[in-house]
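Presented below is the structure to which this report refers.
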Amino acid sequence: MFKRYKALPGWLRWGLEILLVMFIIFVIRSYQSPTLESSTAPDFSGVTLAGDQVSLAGYAGEPLLLVVWAEWCHICSIELPMLTGLLDDHQVLTLAIQSGSDDQVRQFLYEQQLSHLPVLNDSNGELASALGVRGVPVMYIIDSSGQIRFTEVGLTSSWGLRARLWWVG
Numbered sequence: 164m165f166k167r168y169k170a171l172p173g174w175l176r177w178g179l180e181i182l183l184v185m186f187i188i189f190v191i192r193s194y195q196s197p198t199l200e201s202s203t204a205p206d207f208s209g210v211t212l213a214g215d216q217v218s219l220a221g222y223a224g225e226p227l228l229l230v231v232w233a234e235w236c237h238i239c240s241i242e243l244p245m246l247t248g249l250l251d252d253h254q255v256l257t258l259a260i261q262s263g264s265d266d267q268v269r270q271f272l273y274e275q276q277l278s279h280l281p282v283l284n285d286s287n288g289e290l291a292s293a294l295g296v297r298g299v300p301v302m303y304i305i306d307s308s309g310q311i312r313f314t315e316v317g318l319t320s321s322w323g324l325r326a327r328l329w330w331v332g
């Protein structure tokens, strides 16, 4: 079988290999996609690391960007600084999962110079489970009525998030 494959023209082999890689990426992203999409966001309430009381109802009226991340996630470390530019114009809440105690998450944020991010520590993973999170980072765009309108798994851009927030706004 490999002899026949090697006998194919180079451009065809490259095309097949690219298709195979794209298929693998698609399967991985499909697996990591949250099980909860395009539905009503689960109600939540809690206290951020800054001591602010937050709930889904408290964000009603404007779109909310809810970002689920973990301290041990390298992609999250790349993505979290991009959120700082969104804080002035949009409602943003981040959810730290499996990242330790409140003090450990605060220390991580301090070291990354991200102490200004609004963070709800979901150390036991209850809210992440209700959101259907399978992998991090995951971004949810929740519209003004509490409906999940967009989900994005993995690395994304701040302009892409802005466009989605504008779209549902």
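Be aware that the sequence shown starts at 164, since it is given in our numbering, and climbs by one per residue. Virtual Cβ for every residue (Gly too), placed ideally from N, Cα, C. Quantities reported herein were computed from a predicted structural model and do not represent experimental measurements.
The stretch 304-312 / the stretch 282-292 touching (three or more Cβ pairs under 8 Å): no
Whether S218 touches S202 by CB criterion (7 Å): If you number the sequence shown from 1, residue 218 lands on position 55. If you number the sequence shown from 1, residue 202 lands on position 39. For S218 and S202, no; Cβs fall outside 7 Å.
Per DSSP, the bridge partner or partners of Q216: Your numbering for residue 216 matches position 53 in the sequence shown. Answer by DSSP bridge pairing, in chain order: V210.
Nonlocal neighbours in the same chain, by C-beta distance under 7 Å from S240, ignoring five residues either side: Residue mapping note: residue 240 aligns to position 77 of the sequence shown, counting from 1. A distance below 7 Å between beta-carbons, with the five flanking residues on each side excluded, links S240 to the following residues of its chain, in chain order: Q275.
Alpha-carbon spacing of T257 relative to D206, whole angstroms: Taking the first residue of the sequence shown as 1, we reach residue 257 at position 94. Taking the first residue of the sequence shown as 1, we reach residue 206 at position 43. Between T257 and D206, the C-alpha separation is close to 15 Å.
Where R325 sits in the DSSP three-state scheme: As a position in the sequence shown, residue 325 is number 162, starting the count at 1. Three-state result, R325: helix.
For T247, the three-state DSSP class (helix, strand or coil): Translated into the one-based positions of the sequence shown, residue 247 becomes position 84. In the structure shown, T247 sits in a helix (DSSP, three-state: H, G or I).
Rounded separation between K169 and R176 - CA only: Counting from 1 along the sequence shown, the entry for residue 169 is found at position 6. Counting from 1 along the sequence shown, the entry for residue 176 is found at position 13. C-alpha separation (whole angstroms): 8 Å.
Own chain, CB closer than 6 Å to E261, minus 5 neighbours either side, in chain order: What you label residue 261 is simply residue 98 of the sequence shown in a count that begins at 1. Looking at the sequence provided, one finds Gln at residue 261 rather than Glu. These residues qualify, in order along the chain: A233.
Neighbourhood of L324 by C-beta, 7 Å cutoff - its chain only, sequence neighbours within 5 removed: Here residue 324 refers to the residue found at position 161 when the sequence shown is read from its first residue. Once the five neighbours on either side are set aside, the close Cβ partners of L324 are L228, L249 and M302.
Which of helix, strand or coil DSSP assigns to D285: Taking the sequence shown and counting its residues from 1, one reaches residue 285 at position 122. D285 falls in the strand class under three-state DSSP.
Where W339 falls: helix, strand or coil (DSSP): Because residue 339 is not part of the residues shown, which for the chain are 164 to 332, the question remains open.
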